Amino acid sequence: MKNIAILVGNSEYQNLNKLHFCRKDISSMQKILSLSKKFEIHIFENYQSEQLKSGLSKIIRELEKSKINELLFYYTGHGVFKEQFYYLPINFTDKQFETTSLSNNELDDMLKSLDTEMVIKIIDACQSGQQYIKESDQMSVKKSLTQHSFKKCYFFFSSMNNQSSMGDDKGSYFTNAIIESIVTHKTDSIRYADVQSYIADCFNGKNELQTPFFVHQSNATEIFLSDLTSIQKFFENNDLMANNGEGIIQEIENDKIDIVEKLKTLSKKYIAKDVAQKTIECIFDENNINNMFNDDIKLIYDIKIEKHNDYNIDNINKLYNEIEKNKKHFFINL
1 MKNIAILVGN SEYQNLNKLH FCRKDISSMQ KILSLSKKFE IHIFENYQSE
51 QLKSGLSKII RELEKSKINE LLFYYTGHGV FKEQFYYLPI NFTDKQFETT
101 SLSNNELDDM LKSLDTEMVI KIIDACQSGQ QYIKESDQMS VKKSLTQHSF
151 KKCYFFFSSM NNQSSMGDDK GSYFTNAIIE SIVTHKTDSI RYADVQSYIA
201 DCFNGKNELQ TPFFVHQSNA TEIFLSDLTS IQKFFENNDL MANNGEGIIQ
251 EIENDKIDIV EKLKTLSKKY IAKDVAQKTI ECIFDENNIN NMFNDDIKLI
301 YDIKIEKHND YNIDNINKLY NEIEKNKKHF FINL
């Protein structure tokens, strides 16, 4: 039976922030899988939505008559959660959301059409600086397992719902943890469960901003890669050998410190809380508001002032996206 790997990597976005380290991610995954000689590899790098959907559909049609042992789907790039997870090709735009994105349900519909013993999905969707971040809902993932009847599966997600996935010029921390789990493993074969444990240890307690999560339907004995000695020698000879997770952990800690320092610097640009509060109270003072309107206006309208202390806002993510798209109407540059 065949083992198939489908790798999708998006870095050169046209309407979102470019994700340069995603190039390193997909290159590293391709190298590892090529060295293993286990998978027939199909790569989609920097495809527009029409090309990606057409290309995936073509491969699925070609494989429909094949018996497949393992089908691995890997994604690195922007993603967004909107009732379900969406993969964002490089031409994604909010104005054509459905047309320029690929929904997780649509992908699962493709995968379920194949005669596959086990499906592995590794989703490493990265921070974009706005609300297009990797998000994943555990219940929706578990629901998809039963809906699409995967016999066995491993799902690896780089972060929890409402979290970002981080990285630097060496690649994303999540994908790097996968690579390190392989090149530092002490036996000649590594299970999917071993990779999961390694990733969890790398991120455990190191950064509350990113917590990978995993869903699996398996017996925990399934082998990911064998003959690791040759893979490890290649990485060692090319000075690519990882160092037992210490590099990933240190990068996470450095990134955490960097974020804190940036926030401290930015906070100096804003006024103090008590000054802001007094300003707001002045704005909403009844006398000041009444003085804003002339007598003619007061003859036509009754002026009623209501003050609320409840700041819970429904659909806050939708509001954020609307403001982000039209921020020139709401903000000024300082």
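Going by the UniProt record's numbering, the residue at position 329 of the sequence shown is 329; the numbering climbs one at a time, nothing skipped.
All C-beta atoms in this analysis are idealised placements derived from N, C-alpha and C, irrespective of residue type, glycine included.
Quick caveat: nothing in here was measured; it's all calculated off a predicted structure.
- Here the alpha carbons of E106 and N204 stand approximately 32 Å from one another.
- For S226, the secondary structure class from DSSP, reduced to helix, strand or coil, is strand.
- Proximity to F73 across N3, L228, Q84 and F284 peaks at N3, based on C-alpha coordinates.
- The Cβ-Cβ distance between L225 and S36 falls below 8 Å.
- Nearest Cα to S49 within the set I178, F21, I90 and K18: I90.
- Per DSSP, the unbroken beta strand (DSSP E) holding K67 starts and ends at K67 to G77.
- For Y198, the enclosing alpha helix (DSSP H) stretches over residues Y192 to F203.
- Of the candidates A272, K233 and S28, K233 places its Cα closest to the Cα of D188.
- Assignment of S113 by DSSP, reduced to helix, strand and coil, places it in the coil class.
- In the three-state reduction of the DSSP assignment, Q217 falls in the strand class.
- The three-state secondary structure of I26, taken from DSSP, is helix.
- Ranking N290, S113 and F293 by CA distance to the CA of K58 puts S113 first.
- Inclusion of G79 and L88 in the CB contact set at 8 Å is warranted, their separation being smaller than that value.
- The three-state reading of DSSP puts Y13 in coil, since its state is none of H, G, I, E or B.
- Using a 10 angstroms sphere on the CB of I305, the tally of other CB atoms stays under 16, which defines it as exposed.
- Under DSSP, the beta-bridge partners assigned to N3 are E70.
- Around the beta-carbon of A272, fewer than 16 other beta-carbon atoms lie within 10 Å, marking it exposed.
- Between C282 and N291 a beta carbon distance of about 12 Å is seen, past the 8 Å cut, so the two are scored as non-contacting.
- In terms of Cβ geometry, S218 and Y154 form a close pair [threshold 8 Å].
- Here the alpha carbon of I120 sits roughly 17 Å from the alpha carbon of S181.
- D108 counts as buried, since no fewer than 16 other beta carbons sit within 10 angstroms of its beta carbon.
- Nearest neighbour of K18 by Cα position, chosen from D194, F92, M29 and I68, turns out to be F92.
- In the three-state reduction of the DSSP assignment, Y47 falls in the coil class.
- Judged by their CB atoms, I43 and L7 are nearer to each other than the 8 Å cut-off.
- Rounded to whole angstroms, the separation of the alpha carbons of E222 and I122 is 16 Å.
- Per the C-alpha coordinates, the member of T100, I32, Q96 and I68 positioned closest to E117 is I68.
- For K152, the enclosing beta strand (DSSP E) begins and ends at K152 to F157.
- In this chain, Y301 is not harboured by any beta strand (DSSP E), its DSSP state being neither H nor E.
- In this structure, the CA atom of A200 is about 46 Å from the CA atom of K307.
- Here the C-alpha atom of I280 lies approximately 22 Å from the C-alpha atom of L319.
- If you check the CB distance, F284 and P212 do not come in under 8 Å.
- If you look at F85, you'll find it in the beta strand (DSSP E) that goes F85 to Y87.
- Taking L33 as the centre and dropping the five residues before and after it, the same chain places the C-beta of A5, F39 and I41 closer than 7 Å to its C-beta, in chain order.
- If you draw a straight line from the Cα of Q51 to the Cα of K170, it comes to about 28 Å.
- If you ignore the 5 residues before and after K24, its C-beta comes within less than 7 Å of the C-beta of K170 and G171, all in its own chain and listed in chain order.
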